[in-house]
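Please read the structure below before turning to the comments.
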Ligand code: ADP
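In UniProt numbering, the protein residues as written are 1 to 233.
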């Protein structure tokens, strides 16, 4: 079985002028299909840097990143953008929905970029919204939805391209406790349905919902532990 993520000796050095800072100092790990992994660590530990690499928004300074069998390490920006669109579904803390568009149009957008026909876009976007429990809200704009519902729309948008990897950056960071519960419940369902999920968080409660926790500190993985996962409903 091909791993979804393989990281080998990954380092990331930021340079500003003559000053260098090594934010990732040698990361080796892999994530298999169907795993639900939380990357957890304190502020400044390198989580966002790792997220940017995993999301093909940036490339390692050293080492190799193989995503679903494709070695991304030597790709140029255009090739990385193509991989991002095809392989990865992103969910962000701030949702990043377009406020003037309906939920349906928001979810259709990645398919517009992928060149899918209008009729198929509508059908797939409606199916994705139905899968996240929003079949009755297709024509609502983000402002007419709760925070939890907006994040569900963002998850539908992430899934509509059938990506290999769902990559979520602090997906509950902007939500009240009820909406957090709602969105984490959705992630549990997606995991149960076989999705591969990597979630970045600094909140232990959120990390505890995943089956596996990668603890990152000072640019290194300091712990890789299997958790009981789920249940605290
Ligand atoms: P986290 O997401 O865990 O808070 P980051 O990955 O954002 O951590 O940052 C890790 C370290 O790298 C921090 O010390 C941060 O100051 C540094 N860093 C992040 N981005 C840059 C950058 N563009 N230039 C220089 N240093 C950076």
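A virtual CB, placed ideally from N, CA and C, is assigned to each residue, including glycine. None of these values were measured; they are calculated from a predicted model.
Exposure label - residue i; buried when at least 16 CB within 10 Å
| i | result |
| --- | --- |
| residue 209 | buried |
| residue 45 | buried |
| residue 223 | exposed |
| residue 128 | buried |
| residue 231 | With a pLDDT of only 47 at residue 231, under the threshold of 50, the placement of this residue in the model should not be trusted, and no figure is reported. |
| residue 226 | exposed |
| residue 90 | buried |
| residue 192 | exposed |
| residue 161 | buried |
| residue 126 | buried |
| residue 204 | exposed |
| residue 170 | buried |
| residue 172 | buried |
| residue 19 | exposed |
| residue 194 | exposed |
| residue 196 | buried |
| residue 112 | exposed |
| residue 76 | exposed |
| residue 71 | exposed |
Contact test: residue i Cβ vs the ligand ADP heavy atom, cutoff 7 Å
| i | result |
| --- | --- |
| residue 90 | no |
| residue 23 | yes |
| residue 277 | Nothing can be reported for residue 277: it is not among the residues displayed for the chain, which extend from 1 to 233. |
| residue 49 | yes |
| residue 18 | no |
| residue 41 | yes |
| residue 14 | yes |
Residue range of the alpha helix (DSSP H) that includes residue i
| i | result |
| --- | --- |
| residue 49 | 47–54 |
| residue 111 | 103–113 |
Run of the beta strand (DSSP E) containing residue i, from where it starts to where it stops
| i | result |
| --- | --- |
| residue 132 | Where residue 132 is concerned, there is no enclosing beta strand (DSSP E), given that its DSSP letter is neither H nor E. |
| residue 206 | Counting along the chain, residue 206 falls outside any beta strand (DSSP E), though it belongs to the alpha helix (DSSP H) covering 204–207. |
| residue 16 | 5–16 |
| residue 30 | 19–31 |
| residue 38 | 36–40 |
| residue 215 | 212–217 |
| residue 220 | 220–226 |
| residue 198 | 197–201 |
Practice task
Pick out the complete beta strand (DSSP E) segments inside the segment 148–188, 3 residues or longer, and give them in chain order.
Solution key: Correct list: 165–169.
Practice task
Run through the segment 66–102 for me and flag every whole beta strand (DSSP E) of 3 or more residues, listed as ranges in chain order.
Solution key: 88–92
Problem - the segment 59–77 in contact with the segment 95–104 per 3-pair CB rule at 8 Å - result: Too few Cβ pairs lie closer than 8 Å, so no.
Practice task
Say whether the segment 97–106 touches the segment 137–157, bearing in mind that this needs 3 or more beta-carbon pairs closer than 8 Å, one atom from each stretch.
Solution key: yes
Practice task
Decide if the segment 215–222 is in contact with the segment 18–26; the criterion is three or more beta carbon pairs, one per stretch, under 8 Å apart.
Solution key: yes
Problem - Cβ contact (3+ pairs, closer than 8 Å) linking the segment 167–177 and the segment 2–16 - result: no
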